[in-house]
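The structure appears right after this line, and notes come after that.
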Amino acid sequence: MISGDMSTFLDRLLERAAQNLTVEKLIIQLGLDPANITYEAVLSRVLDVVVINITFANMLALVGAGLYVATLMVRTIVPLRVIGIISMLFFIAYGALAGAVATFLLYLLSLPINVLRLRQMLTLVKKAKLSAQGDLSMDWLRPFMSPRKYKKGDVLFHKGDRAKEMFMTVSGTFLVKEIDVELPPGRIMGELGFIDPNNRRTQTVECVQDGDVLTITYDKLLELYFQNPEFGYYFLRLTTERLMQNIQRLEATLDDTSAKLRAAELNARRVSGA
1 MISGDMSTFL DRLLERAAQN LTVEKLIIQL GLDPANITYE AVLSRVLDVV VINITFANML
61 ALVGAGLYVA TLMVRTIVPL RVIGIISMLF FIAYGALAGA VATFLLYLLS LPINVLRLRQ
121 MLTLVKKAKL SAQGDLSMDW LRPFMSPRKY KKGDVLFHKG DRAKEMFMTV SGTFLVKEID
181 VELPPGRIMG ELGFIDPNNR RTQTVECVQD GDVLTITYDK LLELYFQNPE FGYYFLRLTT
241 ERLMQNIQRL EATLDDTSAK LRAAELNARR VSGA
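Letter 96 of the sequence shown, counting from 1, is numbered 96 in the working numbering, and no numbers are missing.
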C-alpha cells in the first residue's frame, strides 16, 4: 500500500501534468477526466483496462513472456532451452487463438531449431558420460568440429607452439615425432594443450600420409563447458585418463629401455670377464 503522503504527492504530480495540453489530450484518450486526475483514478482505469483485455489468448502470451524473461536468468544451456521451448509453445498457442500470424509463424519455425539444439546438448552429455566410463572415445564431439585436410610432410603443430585447438584424426597417418608414435584414424591430438596452464604444445605432430582431421577450438570447448558444466566434468575426466595412459606408456618405455641397458651391461661384463 502507498502511504498517504506518497498518494498526495502523486495526486499533485498528476494534477500538474494534466495542465499540459499534450498530456491532457493523452489523458482524455486514456478515458480519464483531466479535471479529476488522481492516483486512485489512474489505478482504477488501469485495472479496468486490464480486466477488459483479459482473454485466454492474452493470458497465454503473458505466461509465455514470463517464461522468456526467466530464460534471461538461467546460466546453463539445458534448462534455458527447456524453458525457452515451453515459452514458445505458449506463444504459438497465443498466435493461433489471437490470429497473430507473424507471432505464430515466428515461434513455430523457431521451435524445431531449439528442440534440435536441446537434443544435441543432451546427447553430448550422455555420450561424454558413457565415454568417460568406457572406451574414452571422443566421437561425440564430431558435430561440433570442423574438417581440415593435410598432405604428407605438413606439420600440424610444433612442440612449444601456442595451442588454440584440438584435433581428431579421420583418415591418413600422423606421427608424434618426439616419441615416434603414429596416430591412426580416430585418435585425438592436442587435448593436453587445453588443460595446460600456458596452452603450449607438448609434442610435434607431422602428417606422414595424406589425411583428414576434424578440429575444434579451445574457445568452443570452453563455450560448451560453460553452457553445460556436466560436459566439462566428463571432458576433463577423459583428458585426465588419456594423460594417465600417456604416463603409463612412457613408464613402460623407460622400463624397457632400462631392461635393455641392464642386459647390455651384463653382456659387457661377461665379455670383459672372458
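Built from N, CA and C at the ideal position, the CB exists for glycine as well. Because the structure is a prediction, the values reported are computed rather than measured.
Check whether residue i and residue j have beta carbons under 8 Å apart
i, j, result
"residue 214", "residue 147", "yes"
"residue 212", "residue 149", "yes"
"residue 169", "residue 142", "no"
"residue 287", "residue 243", "With the chain covering 1 to 274 only, the question about residue 287 has no answer from this structure."
"residue 157", "residue 97", "no"
"residue 114", "residue 81", "yes"
"residue 86", "residue 107", "no"
"residue 275", "residue 90", "Coverage of the chain is limited to positions 1 through 274, which leaves residue 275 absent and any answer about it impossible."
"residue 200", "residue 259", "no"
Three-state secondary structure assigned by DSSP to residue i
i, result
"residue 220", "helix"
"residue 88", "helix"
"residue 21", "Annotation note: pLDDT 47 at residue 21 (below 50); position unreliable, no value reported."
Close-in-space but distant-in-sequence residues of the same chain around residue i (CB under 6 Å, 5 per side omitted)
i, result
"residue 95", "103, 104"
"residue 175", "182, 206, 208"
"residue 203", "159, 176, 178"
"residue 167", "189, 190, 213, 215"
"residue 195", "239"
"residue 61", "94"
"residue 227", "77"
"residue 172", "209, 210, 211"
"residue 112", "none"
"residue 165", "215, 217"
Rounded separation between residue i and residue j - CA only
i, j, result
"residue 256", "residue 210", "32 Å"
"residue 59", "residue 84", "17 Å"
"residue 126", "residue 237", "14 Å"
"residue 110", "residue 145", "24 Å"
"residue 232", "residue 123", "14 Å"
"residue 99", "residue 217", "45 Å"
"residue 246", "residue 253", "11 Å"
"residue 140", "residue 263", "46 Å"
"residue 151", "residue 63", "57 Å"
"residue 71", "residue 185", "41 Å"
"residue 248", "residue 266", "27 Å"
"residue 54", "residue 116", "34 Å"
"residue 161", "residue 153", "18 Å"
"residue 235", "residue 101", "44 Å"
"residue 73", "residue 65", "13 Å"
"residue 222", "residue 268", "55 Å"
"residue 197", "residue 271", "51 Å"
"residue 121", "residue 180", "37 Å"
"residue 261", "residue 79", "59 Å"
"residue 88", "residue 69", "12 Å"
Own chain residues within Cβ distance below 8 Å of residue i, not counting five before or after
i, result
"residue 155", "204, 205, 206, 207"
Query raised in the report: Which runs of the beta strand (DSSP E) spanning at least 3 residues fall entirely within the stretch 147 to 173, listed in chain order?
Result: 155 to 157, 165 to 169
Requested in this report: Starting from the N-terminal side, write out each stretch of the alpha helix (DSSP H) that is 4 residues or longer and does not extend beyond the stretch 56 to 83.
Outcome: 56 to 71
**Report entry** Inside the stretch 177 to 210 only - alpha helix (DSSP H) runs reaching at least 4 residues
**Finding:** 192 to 195
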